[in-house]
Each structure stands twice: as structure tokens, then as C-alpha cells.
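Below is one structure; the comments refer to it alone.
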Amino acid sequence: MTAVARVYKWEVAKLLAQKRTYLGIGAAMLVPVIFVVVLQIQSGGPNDVPLGRYIRDSGIVTPLVVLLFMSIWGFPLITALVAGDIVAAETQNGTLKTILTRSRERGQVFAGKALATFTYTLAIVVAMGVVGVAAGSIAWGFHSFTSLSGTPVSAGRGLGLMFASLAVYALPLAGIAAFGLLLSTITRNSAASVVATLMFALFMQLIGVLPGTEGIRPYLLGTQFDAWHGFLRTPADWAPVIRALWLSAIYIAVPLFGAYVVFLRRDVAGD
Amino acid sequence: MTDETPVVARGLVKRYGEIVAVAGVDLTVERGDVFGYLGPNGAGKTTSLRMLLGLIRPTAGTSRLFGRDPIEAGARALEGVAGFVEGPRFYPYLSGRRNLRLLADYDEPTTRSRIDEVLELVELRDRAKDRVGGYSHGMRQRLGIAASLLRAPRLLLLDEPATGLDPAGMRDMRDLVRRLAGEGITILLSSHLLYEVEELCNRVAIIRKGSIVYQGALGELLATAATGYRLKTREPARAKALCLNQRGIENLVADGDELRFSADEDAVAALSVALGQARIPILQLTTDTASLEDLFLGMTDGESSDHDRPAALAAS
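Residue numbers (my numbering), protein chains in the order written: chain A, 3 to 273; chain B, -7 to 308.
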């Protein structure tokens, strides 16, 4: 195992030993369950959102509709919970100096932390997806459904498209995670980093709804949370997906690089 | 690389805006030293130790561990070096053993095989499966030593290892340090417990307000102040008159019914005979040795600016 892989392994182990990780993943799994239960009790539905009208057609639609509701603050908050904490908590607890006085370079420690953060980000999205499909299928069955273009999508293909959508959705979320990691490295304060990361995500959404921002709207981070809609059209619309890929790469790379530079040079003083 | 000096710091400065935490520290720790680093709280001990380990960047100056600068060489500079600053810190939600496994994975692969051995050494083997969150302060200090020893260090930096321990814990810590020194490990030990330093260290540096005010052999430091005697008699006035005429009795001071003076052993021997012949009853004739504590307080209370000559300060 390489040095970074060993650091990564322990970063994941540390996450798995902390309550906040389970709080985050638990929340991600609970939301689709609540969503399904409420729709079982009530007769109406989220008719004004994409795919909302077909929510009772198939369990596969459940996570896709939930994605939409959680992109405003649900997923950003759950992401920030870990991303904002992963360096700052170690600064506050003094364990950062413990691991930085061993044989691993700072860059290796940072790489392990960044990889663990992105792993968690992907895990919460996948966890929501799997639970969503399961809960939705129990309520309404595992059937074919209607795409955004009005054409039928078979259950098998729909499941594949759903996971592809989750993957594309995880990209802008990773941008938020990278921003959280930057704040976590700079501020050395876990709570402040978590809150400020959430504020950043809300701010990116807010710019998108202000009048006069139509020109830049396709390039905002918040907009990329809808890129997966391209998969649900017939034929598939790749333009938003590709834009989400490179734009998210920028939104990830810039704060990640900043965090890396700060982490390499920063003073590791006490609490 | 093994022939390099364990610690060479030159002109270390750390400034935080207006505040100067460390104002130009030179430190040299030779192989085999048990080096005591003394200073009041806030004098800059911990900040300079952090710079030695590369945890913080000096504003100016360099530090080298076995010839390697941690700012330039990164983690490679810490090869053969282990220790902790400001108390060892661990992940409270992991067990003692898991913490050590984690740290071993941040080290060279061979380190892992030593976990049981070091847990045994610090007598934590029975509690190794418990979470560190439930450990007492003393257990954490011991786990800190264990974590350092995992690296089989040639240089051990310990920042106040006995602070907060109960008397038995302090004694155990001293025994452990002595034992490690006996195994040939060079030790840099910061402390404000002077008797601990007096008992363990062969060389010391005293830091005050960010600057080193003394650095050298502990024995020499103590010797500079060990020349005084104290005389208590039934008849201080007559004794004083006699002393004034006695050869080799210098710096005579009357202090209540006590006399203090400096002299060599022969002069003191002659004095005691002379006092007897003059039928002046001696109640006490003792050496008036300055302890490290006296010297330390003299050097760090800011009574004098003459930092280079501790004897002058201690003679007051």
C-alpha cells in the first residue's frame, strides 16, 4: 500500500468511528423514507418539479425527485458536516501535530483527507439513492416510468440512468466539499467552517435566482445540480452533463489547490 | 547521518504580528545529552520546540535535527526523531491500540511490530483496547511516550512530560526517562519542574521572554553558586569580629543572628577551630548552596540584566 493509501484508509476509519459521519449518512437515508411515507399518507404530489408527476409510477423516480429537494441545503449541509470538520477538528483536538510529526509528508496527509472527504460525499448520495429506490419500490413497485421527454424508460435502463444521475450530481457536491475543506484548513474552527460552507452553497443558489443573472446562470455551481436532467431526456442531452463535468472540476480544483497550499505551509500551533 | 548533532538551532525567531514569542534562540543538544529546557510559562519553550519539529515556520533562523532542516526536508528531517509538544494528543474515539496502529501506519512499515512492546513498556497493555477518551491524564502521557518510542527514536523531544501527573506518576515518568537515556537515546526535555531537571539532566538551557539566558552543563551552573556558607552561633557579634580577622573569609554579611560568607574548605576548617578556641558556641555551620530553583528564579525574575553570569545573580 502506498503512503497516501494508508493515510486514506485511516481517514476513512476515523470517519467511521465518529458520530457525525453516521448523522450525515443517516440523514441522507432518512429523507427519501420520509418523502415516501408522506406521499403514502397524502394524495397529492410534487407536481411542479421535473418527474414529480410520475413519482408514483416507479420506485426509481423517488431518489431523482429527492435529489431536487435536497440540492438547496440538504446535501450541502450533510457534505459540510464532514468537509468543514476534517482538518479543523484535528487542529482543535491537537491530533494534527500528532500525525504531522510522523513520517508522512504534509501533502500525503492532505491527499488522504481530501480523498476521504470525496468518498464521504459520494457515499451520502449513493446511500440516498439506494434507500430511495428501495423505499419507493416498496411503496409503488419497481416499474418502467416516463422520461422528461415523455417517452417510456424501462426499469432496468431507468436504474442505470438513476445511478448515472447520482454520479453527475455528486460532482457539484464535491465542489462544495472542496470549499468546506478549504475553510476547514484556513479557519481551524470546525463549527465555523461547517456553517460557512453551507452559506457558500446557499449563496451560489441565491445568485442563480436573482434577476439579471441569466447570462452566468449556466456556469454557477448550483445549476450543475440539475445537469443530470440531460440523462432523462430522449435522446440524452449531453450538453449540461459535459458542462457540469468541467465546471465542477474547476469548482473542485480551485479551493482544493488553495487548501493544499495552505496545508503545506501553515503553522500547526496549539488550540 | 548518525554522526550529526541531534539538535542545532540558530537564531530561531517567531513573531506573531507585534508579539515576539521567540526572540532568537540558539540551542545545541549533543548526542547522549539529557537536555533540560527550562523557562516560565509563556517564555517560548513550546513555540521553539514546535519550530524544531517543523510544526511552525520560524520567522527567522534555522533548526536542524541530525543535520536536516524540517522546513526544507519535511518529514524526512524527523527520521530518528520522536516526541510531543504541549502534551500528547490522540483520537479520543479510538482505542489506545488503534491510535498506535494509526500512527504506525504514518511511519515506516516496521514500526507496527513494536506496538505490544511499547504498550508493555509504559504499562498500558491492559487498557490498550479501551478508548483514549476514557484515559486519565497520566495514561495519555504514557501513551504519548509509547507513540514516540514506536519510532525507535535516537532523539526524543518531551514537552513537560510530568505535568499534571500525581507524585507516583511523576516518579514513574522520571524512571522511564532515565531508563531511555540509559539506552542511549538523546533527550530534550522541557520542564518547569526544577527538581525533575536537576535529577535527570546533564545540560540545561534557560529561556526567558523568548531568549536563552543560560546554556551549558548543569553541574557548572550549580557550581557557580555553590560557594557560600552559613554560620549560626550563640554570640553573633563576637563571631562576626572574629570572622573579620580570619583569613580566607570573604563577602561577610550579617543576616539577623546568622552570618553568611564565601570561603574555600580550608578557610572554613580554620574558622571552626578558631571559633572553638574563642569559646563561641557553634549552632550551625553549613554550606549555603543555591539550588537550581534559586538560580532559575534569579535568572527569570528580571532582577538583573546580566544574563551571562548566573553566579552574579545567585550571589544576592
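Backbone N, C-alpha and C fix where the C-beta goes; we use that ideal spot for every residue, glycine too.
Since this is a predicted model, take the numbers as computed values, not measurements.
Three-state secondary structure (DSSP) of residue i
{"i": "alanine 179 (chain A)", "result": "helix"}
{"i": "proline 154 (chain A)", "result": "strand"}
{"i": "leucine 251 (chain B)", "result": "strand"}
{"i": "serine 139 (chain A)", "result": "helix"}
{"i": "isoleucine 62 (chain A)", "result": "coil"}
{"i": "glycine 161 (chain B)", "result": "helix"}
{"i": "phenylalanine 144 (chain A)", "result": "coil"}
{"i": "glutamine 276 (chain B)", "result": "strand"}
{"i": "alanine 13 (chain B)", "result": "strand"}
{"i": "threonine 204 (chain B)", "result": "The sequence as given places isoleucine at residue 204 (chain B); threonine does not occur at that position. The answer is strand: DSSP assigns isoleucine 204 (chain B) an E or B state."}
{"i": "arginine 90 (chain B)", "result": "helix"}
{"i": "leucine 69 (chain A)", "result": "helix"}
{"i": "isoleucine 218 (chain A)", "result": "coil"}
{"i": "alanine 101 (chain A)", "result": "A small fix is needed here, since residue 101 (chain A) is isoleucine in this sequence, not alanine. Note: isoleucine 101 (chain A) maps to helix in three-state DSSP."}
{"i": "glutamate 175 (chain B)", "result": "coil"}
{"i": "alanine 246 (chain B)", "result": "strand"}
{"i": "arginine 117 (chain B)", "result": "helix"}
{"i": "alanine 209 (chain B)", "result": "strand"}
{"i": "glutamate 295 (chain B)", "result": "Model confidence at glutamate 295 (chain B) stands at a pLDDT of 36, short of 50, so the residue's coordinates are unreliable; what they give is reported in the following sentence. Three-state result, glutamate 295 (chain B): coil."}
{"i": "arginine 22 (chain A)", "result": "helix"}
{"i": "phenylalanine 82 (chain B)", "result": "coil"}
{"i": "glutamine 44 (chain A)", "result": "coil"}
{"i": "aspartate 99 (chain B)", "result": "coil"}
{"i": "arginine 108 (chain A)", "result": "helix"}
{"i": "glutamate 285 (chain B)", "result": "helix"}
{"i": "glycine 160 (chain A)", "result": "helix"}
Buried or exposed (CB count within 10 angstroms, at least 16 for buried), residue i
{"i": "serine 140 (chain B)", "result": "buried"}
{"i": "lysine 6 (chain B)", "result": "buried"}
{"i": "threonine 215 (chain A)", "result": "exposed"}
{"i": "phenylalanine 76 (chain B)", "result": "buried"}
{"i": "proline 153 (chain B)", "result": "buried"}
{"i": "glutamate 257 (chain B)", "result": "exposed"}
{"i": "glutamate 212 (chain B)", "result": "exposed"}
{"i": "glutamate 295 (chain B)", "result": "With a pLDDT of only 36 at glutamate 295 (chain B), under the threshold of 50, the placement of this residue in the model should not be trusted; the figure read from the coordinates follows. So glutamate 295 (chain B) counts as exposed."}
{"i": "glutamate 78 (chain B)", "result": "buried"}
{"i": "isoleucine 11 (chain B)", "result": "exposed"}
{"i": "tyrosine 8 (chain B)", "result": "exposed"}
{"i": "histidine 231 (chain A)", "result": "buried"}
{"i": "arginine 267 (chain A)", "result": "exposed"}
{"i": "isoleucine 218 (chain A)", "result": "exposed"}
{"i": "methionine 3 (chain A)", "result": "exposed"}
{"i": "tyrosine 10 (chain A)", "result": "buried"}
{"i": "proline 159 (chain B)", "result": "exposed"}
{"i": "glutamine 133 (chain B)", "result": "buried"}
{"i": "arginine 171 (chain B)", "result": "exposed"}
Segment limits, beta strand (DSSP E) that includes residue i
{"i": "serine 55 (chain B)", "result": "52 to 57"}
{"i": "glycine 220 (chain B)", "result": "220 to 225"}
{"i": "leucine 30 (chain B)", "result": "26 to 30"}
{"i": "lysine 37 (chain B)", "result": "Run containing lysine 37 (chain B): none in the beta strand (DSSP E); it sits in the alpha helix (DSSP H), 37 to 44."}
{"i": "glycine 75 (chain B)", "result": "73 to 76"}
{"i": "glutamate 3 (chain B)", "result": "The residue asked about is misnamed: residue 3 (chain B) is glycine in this sequence, not glutamate. Per DSSP, glycine 3 (chain B) belongs to the beta strand (DSSP E) from -1 to 8."}
Those residues which DSSP pairs with residue i across a bridge
{"i": "aspartate 151 (chain B)", "result": "B:Ser182"}
{"i": "glutamate 22 (chain B)", "result": "DSSP, once it has assigned bridges, lists no residue as partnering glutamate 22 (chain B)."}
{"i": "arginine 60 (chain B)", "result": "B:Leu57"}
{"i": "arginine 123 (chain B)", "result": "B:Ser87"}
Start-to-end residues for the alpha helix (DSSP H) that takes in residue i
{"i": "asparagine 191 (chain A)", "result": "From DSSP, asparagine 191 (chain A) is part of no alpha helix (DSSP H); its letter is neither H nor E."}
{"i": "arginine 267 (chain A)", "result": "240 to 267"}
{"i": "aspartate 108 (chain B)", "result": "107 to 113"}
{"i": "arginine 132 (chain B)", "result": "129 to 141"}
{"i": "cysteine 193 (chain B)", "result": "Element bounds for cysteine 193 (chain B): n/a, residue is neither H nor E."}
{"i": "arginine 8 (chain A)", "result": "5 to 18"}
{"i": "leucine 53 (chain A)", "result": "Element bounds for leucine 53 (chain A): n/a, residue is neither H nor E."}
{"i": "alanine 229 (chain B)", "result": "228 to 236"}
{"i": "alanine 266 (chain B)", "result": "257 to 269"}
{"i": "isoleucine 241 (chain B)", "result": "Element bounds for isoleucine 241 (chain B): n/a, residue is neither H nor E."}
{"i": "threonine 81 (chain A)", "result": "76 to 85"}
{"i": "glutamine 226 (chain A)", "result": "Taken as a continuous stretch (DSSP letters only), glutamine 226 (chain A) belongs to no alpha helix (DSSP H), as it is neither H nor E."}
field: Contacting positions in the segment 94 to 117 of chain B - beta carbon closer than 8 Å to chain A
entry: Leu94, Leu95, Asp97, Tyr98, Asp99 and Glu100
message: So if I threshold CB-CB distances at 9 Å, which residues from the segment 38 to 63 of chain B count as touching chain A?
response: Thr38, Thr39, Arg42, Leu45, Gly46, Leu47, Ile48 and Arg49
field: Positions along the segment 94 to 105 of chain A whose CB lies within less than 9 Å of some CB in chain B
entry: Asn95, Gly96, Thr97, Leu98, Lys99, Thr100, Ile101, Leu102, Thr103, Arg104 and Ser105
query: Using Cβ-Cβ distances below 7 Å, what residues of the segment 176 to 193 of chain A are close to chain B?
result: none
- request: Scan the segment 215 to 231 of chain A for residues whose Cβ lies nearer than 8 Å to a Cβ of chain B and list them as they occur along the chain.
  value: none
- request: Taking a Cβ distance cut-off of 9 Å, strictly less, list which residues of the segment 63 to 79 of chain B are near chain A, in chain order.
  value: Gly66, Ala67, Arg68, Leu70, Glu71, Val73, Ala74, Gly75, Phe76, Val77, Glu78 and Gly79
task: Select from the segment 6 to 20 of chain A all residues with a C-beta closer than 8 Å to any C-beta belonging to chain B, and list them in chain order.
output: Arg8, Val9, Lys11, Trp12, Ala15, Lys16, Ala19 and Gln20
- prompt: Which residues, taken in chain order from the segment 277 to 294 of chain B, show a beta carbon closer than 8 Å to some beta carbon of chain A?
  reply: none
- request: With 8 Å as the C-beta to C-beta threshold (strictly closer), list the residues of the segment 248 to 270 of chain A near chain B in chain order.
  value: Arg267, Asp269 and Val270
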